[in-house]
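So the sequence lines, in the order shown, correspond to chains A, B, C and D.
Using this note's numbering, the letters of the first sequence map in sequence onto residues 1 to 349.
Using this note's numbering, the letters of the second sequence map in sequence onto residues 1001 to 1349.
Using this note's numbering, the letters of the third sequence map in sequence onto residues 2001 to 2349.
Using this note's numbering, the letters of the fourth sequence map in sequence onto residues 3001 to 3349.
C-beta atoms are modelled at their ideal positions from N, C-alpha and C, and glycine is treated no differently.
What follows is one structure encoded as structure tokens, with my remarks underneath.
4 protein chains.
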Amino acid sequence: MHFASDNTAGVAPAIMAALSAANAGHVASYGADAQSKAVVTRLREIFEAPEAAVYLVPTGTAANALSCAALTQPWGAIFCHRNAHIEEDECGAPEFYTGGSKLVLVDGADAKMDPQALRRTIAHTGRGGIHNVQRGMVSITNATEAGAIYTPEEVAALCAVAQEFKLPVHMDGARFANALVSAGCTPAEMTWKAGIEALSFGGTKNGCMGVEAVILFDPKRAWEFELRRKRGGHLFSKHRFLAAQMAGYLEGDLWLDLARHANAMAAKLSAGISAVPGAHLLHPTQANEVFAAFPRSAHRQLHAAGAAYYLWPFDQSLEGEASEPLSARMVTSWATTEEEIATFLSHLK
Amino acid sequence: MHFASDNTAGVAPAIMAALSAANAGHVASYGADAQSKAVVTRLREIFEAPEAAVYLVPTGTAANALSCAALTQPWGAIFCHRNAHIEEDECGAPEFYTGGSKLVLVDGADAKMDPQALRRTIAHTGRGGIHNVQRGMVSITNATEAGAIYTPEEVAALCAVAQEFKLPVHMDGARFANALVSAGCTPAEMTWKAGIEALSFGGTKNGCMGVEAVILFDPKRAWEFELRRKRGGHLFSKHRFLAAQMAGYLEGDLWLDLARHANAMAAKLSAGISAVPGAHLLHPTQANEVFAAFPRSAHRQLHAAGAAYYLWPFDQSLEGEASEPLSARMVTSWATTEEEIATFLSHLK
Amino acid sequence: MHFASDNTAGVAPAIMAALSAANAGHVASYGADAQSKAVVTRLREIFEAPEAAVYLVPTGTAANALSCAALTQPWGAIFCHRNAHIEEDECGAPEFYTGGSKLVLVDGADAKMDPQALRRTIAHTGRGGIHNVQRGMVSITNATEAGAIYTPEEVAALCAVAQEFKLPVHMDGARFANALVSAGCTPAEMTWKAGIEALSFGGTKNGCMGVEAVILFDPKRAWEFELRRKRGGHLFSKHRFLAAQMAGYLEGDLWLDLARHANAMAAKLSAGISAVPGAHLLHPTQANEVFAAFPRSAHRQLHAAGAAYYLWPFDQSLEGEASEPLSARMVTSWATTEEEIATFLSHLK
Amino acid sequence: MHFASDNTAGVAPAIMAALSAANAGHVASYGADAQSKAVVTRLREIFEAPEAAVYLVPTGTAANALSCAALTQPWGAIFCHRNAHIEEDECGAPEFYTGGSKLVLVDGADAKMDPQALRRTIAHTGRGGIHNVQRGMVSITNATEAGAIYTPEEVAALCAVAQEFKLPVHMDGARFANALVSAGCTPAEMTWKAGIEALSFGGTKNGCMGVEAVILFDPKRAWEFELRRKRGGHLFSKHRFLAAQMAGYLEGDLWLDLARHANAMAAKLSAGISAVPGAHLLHPTQANEVFAAFPRSAHRQLHAAGAAYYLWPFDQSLEGEASEPLSARMVTSWATTEEEIATFLSHLK
């Protein structure tokens, strides 16, 4: 019952095999090898974006922070949801990489920015001219930190607001595959066709070892991005091993299959929880995360049985009245099994 | 004939096997898994430093820049050799991570800082009080960028100079294993016993996929280091795969064996080149790099035969008078074969 | 009718005279002259803080941003009110000087942080360990951006919350004198006796030309502060002219007299507005700023008569229904006259 | 005998009078007042640059560091002389404001960059592509830190080298007036006509209280510069008092008269020293600084008589053999008198 995070799972076998296969002989370093170039080409094809600049980095925080640094100036506000990963879970990496940008927080249900709230917040920022931080960029997380997704239409609506102010839009796609298969659209429809300029395309949480792609649909910032990546210490010398992961991930649409599995497991878990008396969902289950509240007694039984997941927020306690509902986050992954779900639900009932 | 760099080689088989072995089941993320903890313990044992703080990062640039940031303030000068990797090959990563430190350059043969030159340079810096950058730290590269090594006594001499000014000393050990087996001393003797406070302990160039350890012998900066690593985007979620590489690297002293092999290949190559009329070494061959000059005609023949190595410096040309000597860098690795050496030398003659 | 800001007023005559008097002969630069030293001594006396480190800088933004940089690390959150000057009016200077700190916003009426809200906000921040920005410092603005003041007891209550988390507290005292005479306490009571560690002691808005003192009641960060000031370009070579302003400002308690006058003018203006039918105050008038709402027709008449003040927030319009109330900010200063007040009120009626 | 620095002098009377005159009534803050606008216009006229963006800041360090930040990226090398003020006397302010640029040092006599050395240094930098810091900008100091000047032709020669690499050129003109009257050319000839893109136009050392203008001959970076100035805490609220200083400084060519006087005093001092047996000049005296060596016994007598100047470099001692020559720096200013010179020379003989 491993629901603590999708990053507690290992590497999908096909991706591990791709790593082994990439280990033959000597190849050029720093991304000049054939496989590294092929991966760039493949991602351009998948995204129908032949001009896009594509770079691999090892972590999602690196992908997001470098993207922000490329898209805004130190004095540019980054508009994002109050619960965005860049705001809550990166220890200030965006502030570090941008040279001191301010994250300006926007509200909305299910960790999704409401377009009206976004417009109001942008409009409010920078009215005082030189005295204020300026309007810089927008960052959207898809799937969101609450397990919901933005449809392409919803992405486009946010991008349209950004466009009113001529701001570029970044998408944090640490769980991009999960959002995509849930929305049932193409990668292009979810991104540049909806107005996205830069994407953090996640691999790690969905079966890779440690690789994310940054895709700059407008390549005008490409060289600057490369320099920022190098200065950040994120340019791998044995770059072939980032490329091999990504190649294995994309091969035969493995990335989509892995995400479909994770989402299906979350749907099953979500449905099972919903059916339990005294339990209810806190957010819709649209990707691979389930947020639900159920009685403390059930949590105790699950913990006793070895279930791994987080009380969410953290500051709840297993100590206390048995019937009181506690809220929790359960994350599924490519490695989640039907048995884990069944066992979890059996303890919950 | 792959002598362009030690980073064009792949991953040593035992390390690749360790990665596969680490891929079983779910484990805690961000370094909280058992293998991650075991690697810390193992490195402390190897360095006879039970109190040391030990962290894994994916690249040498990250290891060096984070170490510098931990050891000095933004206004602290970093004293290093003019040819240090942090000065010449990291696109300003130390400046970025420190928040704008100044690298103050020290001279010395074979890319080794001369202790007297170091003392003069430190003494000259910061004399003007508030108007100058302050004395911050010293960084030593071992093995050096010219393929030479510092003995423990030489390291101690530089540390003694730093100590006169109460400055901490960092060692860039991207090729630490190569230096160590060449010097024939213990890891402790090469580092903290000689006065080193922080070490970038290289793995990538010597057979790993992408992992370096930062060892802070004085753990007082440990938590700060962790925060800097996270802000830099270098904290891996699937940390087990950094740990597995390092574990495989250390297991059975593999790291020393790999370095001994690389050094032996360099020695053989160096001896062979020296014996060729018209060729001469530019630096002593003490680790796994050979710097030599030989006639342009020989370079042409080697290139025609597919030998990979760099003219060093880059701005020399294969076009020109045949007898003119051109200087070059040849790097050996764990994967270099006797055959490659023999073939290379046969073309040279 | 000059109520746009207290920075549209000039320099109080006695301070201008002090500048002229300081212009005799040659003196040591960079603060080594006698008057610069005397001002430090005088401020220590006034604050009953013989150990305090005292530095002069030319602007309030410099004083605040340098204080923040001295009190927290780049990964440290700065807790402040949503309407604090450091959040809204410094174009990200605190983020720049700190190297990327995050300002975490706290609510409360009249731009005063509510102690419970502060405690909740601090407690919420940094719960996730390495993944979050850490708890760094608290910054209090007194008088607030809404013209209210914190009493020493209220300052102490906030400092007590900060102390629960071992966080240092900074006071933005751009209008410190106005707050002090309003509260009727001593400078020490308003600051270090209540728990303040660093103070931006304003001069510019209260009759100086361009000088603020930073007072570090705990001098342990003194040298670091000096280095940061120099790196920021805020160490004046002809420092005597910063010192002369401050000396003239402090001489004979001029600073308190100027603030009393400004506050008295605001009180009169506030009382006059309150007495007008259809007008009402938006915040209590406790220092030298009046926030009030009154009908658009009255604003039109005042504008026609040349009254200078801001509609607050900016995005209101004089165009529209005459009876609709618009909110406004009127700021008085050492230079405000009774006549200005009377004329303003006559137009309002 | 005040020769320690030109910043130990006070404010020229006409400039102090301009400050007093500017103190009437209320005016708009932050540079929106009439005099602030008039000063911009006047500087554009003086420099025959109707499109130039012009900004006032209080210190030379601010002017230089902000100029560098506007002209290069964090990964851009700043090429300057080894003895440039930005390298030696600003505690790393350029590194701070640029976000971590590297100053790459160029040699040349009299603190003047040699064009061939500049070309070699630029060509050497950035050859390694992504691994190196990139070529960013050139900064020229005129008059130099050794009291020499660049003629317009010499400036043009350096700018031509920069132009080969498409790099913008900044001039640190903390002593611009001294250089200008020495060269006998127009402000335009010394700057944009020779290829300069940004100038730090000094006022403080030449009779102002604390003001420098930054002139961006290419205004494309104007708004960015304004934001950087504000973030740096260098936008004065009572901006009229920066403007008044500059207005008084420019009025009736006072700035040129003051510089001519300072230069004439230096010439007289230089000539007098040269005529003394056992003394000799270390650099040509072309502006308002004299660098000379003369016997320790003479230094002792001058110190006993109260002469203020620096042994240069600092680490020489008055203790030792009497006949040994010690080198020294003597700086004249607008306030230097013939009597001071005569007295100094009388003690020297």
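Just by C-beta distance, which residues in the region 2115-2139 of chain C are closer than 8 Å to chain B? Cβ contacts with chain B come from I2130, H2131, Q2134.
Quick check: the Cα distance between A188 (chain A) and G248 (chain A), rounded to an integer number of angstroms? As a working note, residue 188 (chain A) is residue 188 in the first sequence. As a working note, residue 248 (chain A) is residue 248 in the first sequence. In a straight line, the C-alpha of A188 (chain A) is about 21 Å away from that of G248 (chain A).
Can you pull the DSSP bridge partners for R1127 (chain B)? In the second sequence, residue 1127 (chain B) corresponds to position 127, counting from 1. Answer is none; R1127 (chain B) lacks a bridge partner.
Can you list the residues of chain D that C1091 (chain B) reaches, using a CB-CB cut of under 7 Å? Indexing the second sequence from 1 puts residue 1091 (chain B) at position 91. The contacting residues are W3075, I3130, H3131, N3132, V3133.
Run through chain D and tell me which residues come within less than 7 Å of V2011 (chain C), C-beta to C-beta. For the purposes of this step, residue 2011 (chain C) is taken as the residue at position 11 of the third sequence. Result: N3023.
Out of B:Q1163, B:E1088, B:L1118, B:E1340, which has the shortest C-alpha to C-alpha gap to F1003 (chain B)? Here residue 1003 (chain B) refers to the residue found at position 3 of the second sequence. Residue nearest to F1003 (chain B) within the set B:Q1163, B:E1088, B:L1118, B:E1340 is B:E1340 (criterion: CA-CA distance).
At what residues does the alpha helix (DSSP H) containing C3068 (chain D) begin and finish? Here residue 3068 (chain D) is taken as the residue at index 68 of the fourth sequence, counted from 1. Annotation for C3068 (chain D): the continuous alpha helix (DSSP H) segment containing it runs 3060-3071.
Is the region 210-217 of chain A touching the region 3101-3121 of chain D, taking contact as three or more C-beta pairs under 8 Å? Counting Cβ pairs under 8 Å, fewer than three are found: no touch.
Closer than 9 Å by beta-carbon distance: list the chain D residues that pair up with K1102 (chain B), in chain order. Here residue 1102 (chain B) refers to the residue found at position 102 when the second sequence is read from its first residue. Within chain D, the residues E3087, G3092, E3095, K3102, L3103 have their CB atoms less than 9 Å from the CB of K1102 (chain B), given in chain order.
Closer than 9 Å, Cβ to Cβ, to anything on chain D: give me those residues from the region 1312-1327 of chain B, in chain order. Listed by position, the residues of the region 1312-1327 of chain B near chain D (Cβ gap below 9 Å) are P1313, F1314, D1315.
Here's a check: name, in chain order, each residue in its chain whose Cβ is nearer than 8 Å to the Cβ of H1170 (chain B), leaving out the five neighbours to either side. The sequence position of residue 1170 (chain B) within the second sequence is 170, counting from 1. Same-chain partners within the cutoff: N1064, S1067, C1068, L1071, M1137, V1138, S1139, I1140, I1196, E1197, A1198, L1199, S1200.
With 16 other CB atoms within 10 Å as the buried threshold, where does S2268 (chain C) fall? As a first step, residue 2268 (chain C) must be located in the third sequence, where it is residue number 268. In the sequence under discussion, the amino acid at residue 2268 (chain C) is Lys, which differs from the Ser named in the question. Classification for K2268 (chain C): buried.
Is the CB of E3226 (chain D) under 8 Å away from at least one CB in chain A? What you label residue 3226 (chain D) is simply residue 226 of the fourth sequence in a count that begins at 1. Nearest CB-CB separation between E3226 (chain D) and chain A: below the 8 Å threshold.
Residue from B:A1034, B:A1292, B:K1193 with nearest C-alpha to Y1309 (chain B): Translated into positions along the second sequence, residue 1309 (chain B) becomes position 309. Among B:A1034, B:A1292, B:K1193, the Cα nearest to that of Y1309 (chain B) belongs to B:A1292.
Mind listing, in chain order, the continuous beta strand (DSSP E) runs of no fewer than 3 residues lying wholly within the region 1173-1212 of chain B? Segments of the beta strand (DSSP E) lying fully in the region 1173-1212 of chain B: 1198-1202.
Between the region 1226-1244 of chain B and the region 230-240 of chain A, do at least 3 Cβ pairs fall closer than 8 Å? Three or more beta-carbon pairs drawn from the region 1226-1244 of chain B and the region 230-240 of chain A are found closer than 8 Å, and the two stretches are therefore classed as touching.
Could you name the residues that DSSP lists as bridge partners for E2289 (chain C)? If you number the third sequence from 1, residue 2289 (chain C) lands on position 289. According to DSSP, which records beta bridges pairwise, E2289 (chain C) is partnered with C:V2331.
Does K3230 (chain D) come within less than 8 Å of chain A when only Cβ atoms are used? Here the question's residue 3230 (chain D) lines up with position 230 in the fourth sequence. It does; some Cβ of chain A falls within 8 Å.
Contacting residues, own chain, Cβ-Cβ under 6 Å from E2090 (chain C) (five flanking each side not counted): Here residue 2090 (chain C) is taken as the residue at index 90 of the third sequence, counted from 1. Around E2090 (chain C): T2061.
Can you find a CB in chain D that lies within less than 8 Å of the CB of L66 (chain A)? For the purposes of this step, residue 66 (chain A) is taken as the residue at position 66 of the first sequence. Not closer than 8 Å to any Cβ of chain D, the Cβ of L66 (chain A) fails to qualify, so no.
Taking DSSP as the reference, what is the three-state secondary structure of Y3249 (chain D)? Along the fourth sequence, one-based indexing puts residue 3249 (chain D) at 249. Looking at Y3249 (chain D) - three-state DSSP - the assignment turns out to be helix.
Among A:P277, A:H347, A:S237, the one whose alpha carbon lies nearest that of A32 (chain A): Translated into the one-based positions of the first sequence, residue 32 (chain A) becomes position 32. Sorting A:P277, A:H347, A:S237 by C-alpha distance to the C-alpha of A32 (chain A) places A:S237 at the top.
Based on DSSP bridge pairs, tell me the residues matched to T141 (chain A). Translated into the one-based positions of the first sequence, residue 141 (chain A) becomes position 141. In the DSSP output, where bridge partners are listed per residue, T141 (chain A) has A:D172.
Cutoff 8 Å: G1233 (chain B) Cβ touching any chain C Cβ: Taking the second sequence and counting its residues from 1, the one referred to as residue 1233 (chain B) is at position 233. Using a CB distance cut-off of 8 Å, G1233 (chain B) does not count as an interface residue toward chain C.
Quick one: measure Cβ to Cβ for V3276 (chain D) and L3348 (chain D), integer angstroms, because I've assumed they're closer than 8 Å. Taking the first residue of the fourth sequence as 1, we reach residue 3276 (chain D) at position 276. Taking the first residue of the fourth sequence as 1, we reach residue 3348 (chain D) at position 348. With a Cβ gap of about 5 Å, V3276 (chain D) and L3348 (chain D) count as contacting.
Check the C-beta distance from N2142 (chain C) over to N2288 (chain C) and give it rounded, since I have them as a contact under 8 Å. For this step, residue 2142 (chain C) is matched to residue 142 along the third sequence. For this step, residue 2288 (chain C) is matched to residue 288 along the third sequence. For N2142 (chain C) against N2288 (chain C), the beta-carbon gap comes to about 13 Å, at or over 8 Å, which does not count as contact.
Between which two residues does the alpha helix (DSSP H) harbouring A2342 (chain C) extend? Translated into the one-based positions of the third sequence, residue 2342 (chain C) becomes position 342. Counting along the chain, the alpha helix (DSSP H) containing A2342 (chain C) begins and ends at 2338-2348.
Got a sec? Which residues, its chain only, sit under 6 Å from E3048 (chain D) by beta carbon, not counting five neighbours each side? For this step, residue 3048 (chain D) is matched to residue 48 along the fourth sequence. Closer than 6 Å at the Cβ level, and outside the excluded window around E3048 (chain D), lie A3188.
Partners in chain D for P2219 (chain C), counting only beta-carbon separations shorter than 9 Å: Position 219 of the third sequence, counted from the first residue, corresponds to residue 2219 (chain C). Neighbours of P2219 (chain C) in chain D, taken as residues at a C-beta separation under 9 Å, are lacking, since the least C-beta distance is about 20 Å.
For H2303 (chain C), three-class secondary structure by DSSP: Residue 2303 (chain C) sits at position 303 when you count from the first residue of the third sequence. In the structure shown, H2303 (chain C) falls within a helical segment according to DSSP collapsed to helix, strand and coil.
So, does the region 3254-3273 of chain D touch the region 3048-3059 of chain D, judging by three or more C-beta pairs under 8 Å? Here the region 3254-3273 of chain D does not lie against the region 3048-3059 of chain D, with fewer than 3 beta-carbon pairs under 8 Å apart.
Work out the CA separation of A305 (chain A) and V2106 (chain C) for me, nearest whole Å. In the third sequence, counting from the first residue as 1, residue 2106 (chain C) sits at position 106. In the first sequence, counting from the first residue as 1, residue 305 (chain A) sits at position 305. Rounded to the nearest angstrom, the two C-alpha atoms are 41 Å apart.
Just grab the DSSP bridge partners of I78 (chain A) for me. As a working mapping, residue 78 (chain A) is identified with position 78 in the first sequence. For I78 (chain A), which the question treats as bridged, DSSP gives the partners A:L103, A:M137.
Taking 8 Å as the cut-off, decide whether the C-beta atoms of F1176 (chain B) and Y1055 (chain B) are in contact. Counting from 1 along the second sequence, the entry for residue 1176 (chain B) is found at position 176. Counting from 1 along the second sequence, the entry for residue 1055 (chain B) is found at position 55. No; because the gap between Cβ atoms is not below 8 Å, this pair is not in contact.
So for P3152 (chain D), helix, strand or coil by DSSP? Along the fourth sequence, read from residue 1 onward, the residue named residue 3152 (chain D) stands at position 152. Residue state, collapsed to three classes: helix.
Out of B:L1254, B:V1039, B:V1290, B:Q1116, point me to the one whose CA is closest to M1265 (chain B)'s CA. Counted from its first residue, the second sequence places residue 1265 (chain B) at position 265. It is B:V1290.
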